[in-house]
Amino acid sequence: MGFLSGKRALIVGVASPRSIAWGIAEAMHAQGAELAFTYQTDKLRSRVETIAEQCESDIVLPCDVAYDEQIEQVFDKLSGHWDGYDILVHSVGFAPRDQLAGDYLDVVTREGFQVAHDISSYSFAGLAKAGREMMAGRNGALLTLTFLGSLRATPSYNVMGLAKASLEANVRYMAQSMGPLGHRVNGISAGPIKTLAAAGISHFRKMLEHVENATPLRRTITPREVGNVAAFLCSDLASGVTGEITYVDAGYNILGMAELGS
Ligand code: NAD
Ligand code: 0WE
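Numbered per numbering that gives the first Met the number 0, the sequence shown spans residues 0 to 261.
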């Protein structure tokens with residue numbers, strides 16, 4: 000019996016076997032959770048079906064979080080399988096590609112700003128709101144994924160940093176809103192991992208090397224390491240924790256200055 004047995008979790012944000020959401024699904028399944036998944040586009044459907052099968056789930060639903068109707072439909076369809084659910088995992092982030100290279104003020108646009116905030120921050124609240132009824136009476140747990148670029152200016156991360164700052168504020172406001180209902184809302188700030196969302200980001204390999212050299216544990220982290228913390232935060236073991244951002248970054252965020260020499 001795992002520490003998530005009897006819990007039902009909806010996982011939003013699987014795109015490949017490297018996805019952080021994939022590691023979260025594996026970790027939650029290992030702890031006995033029952034899982035359901037969404038996919039953004041038809042192209043991603045078969046990938047998501049693969050992880051669903053591995054986790055003994057046959058609930059795979061479409062959801063592009065840019066559309067209110069698709070967010071509503073997820074919970075309409077989910078209610079045909081489950082009478083309620085306990086855990087929402089939001090592992091979604093997006094800004095138009097032209098926003099993620101070059102100098103911040105050179106590349107930022109009103110449209111880029113709006114899309115980044117809509118898809119990367121609003122969608123967490125949108126999903127929570129649409130799923131509130133199905134979570135009623137169950138001591139739910141909601142979790143999102145963020146990055147240190149929310150707090151510290153990070154080259155090329157640009158408007159995504161602002162969107163993650165908004166997402167982290169969303170964690171606190173959602174925690175305040177849902178706390179009286181017995182639901183907890185938390186975030187994990189993950190260190191850089193080579194996923195699809197990192198593909199094509201220029202100098203990403205160099206960033207990983209920098210982290211490997213600088214971080215206290217002298218290595219990067221894996222989706223499964225994020226998954227294990229996600230499983231804990233969404234379990235009753237973390238029943239006193241809400242509104243928090245927990246770092247799973249091999250210690251990078253605690254540093255004040257690089258170690259020089261040798
Ligand atoms: P990923 O590409 O595997 O996952 C990103 C997911 O966002 C994909 O599944 C994609 O389908 C989904 N998505 C984007 N737009 C969407 C939309 N309109 N509707 C529905 N889904 C949409 O990459 P990942 O690295 O696993 O990213 C997951 C989360 O982790 C993101 O929030 C990302 O910002 C965050 N994060 C990633 C890293 C990293 O270095 N990879 C570090 C810290 C935080
Ligand atoms: O949050 C992210 C990446 C999010 C992301 C990635 C893409 C690539 C494809 C958002 N939108 C898009 N749009 C696309 O068209 N991370 C934390 C990973 C990441 O991205 C960076 C990083 C890190 C770390 C970009 C610049 C610098 C560092």
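Ideal Cβ positions, reconstructed from N, Cα and C, are used throughout, including at glycine.
Remember, it's a predicted structure, so these values are computed and weren't measured experimentally.
- The straight-line gap separating the alpha-carbon atoms of A174 and E52 is approximately 32 Å.
- In this structure, E71 is the residue among E224, S119 and E71 with its C-alpha nearest to the C-alpha of R131.
- DSSP places L9 within a strand segment (E or B) once states are collapsed to three.
- For Y172, the distance from the CB to the nearest heavy atom of the ligand 0WE is not below 8 Å.
- Secondary structure note for Y103: its alpha helix (DSSP H) is the uninterrupted segment Y103 to V106.
- In terms of side-chain proximity, the C-beta atom of S119 is found nearer than 8 Å to a non-hydrogen atom of the ligand 0WE.
- Distance check between Q98 and each of R183, V114 and A257 places V114 closest, using alpha-carbon atoms only.
- With contacts defined as CB atoms closer than 9 Å, A198 and S90 fail to qualify as a contacting pair.
- Per DSSP, reduced to three states, the secondary structure at R171 is helical.
- In the DSSP assignment, I70 falls within the unbroken alpha helix (DSSP H) covering D67 to L77.
- For the set G1, N227 and V64, the Cα lying nearest the Cα of A129 is the one of V64.
- Of the other Cβ atoms in all chains shown, fewer than 16 fall within 10 Å of the Cβ of M256; this residue is therefore exposed.
- A distance below 6 Å between beta-carbons, with the five flanking residues on each side excluded, links Q30 to the following residues of its chain, in chain order: G1, F2, L3 and A230.
- Of all alpha-carbon atoms in K193, G139, R44 and T145, the one lying nearest the alpha-carbon of S119 is that of T145.
- Distances from the CB of I192 to the heavy atoms of the ligand NAD include at least one below 8 Å.
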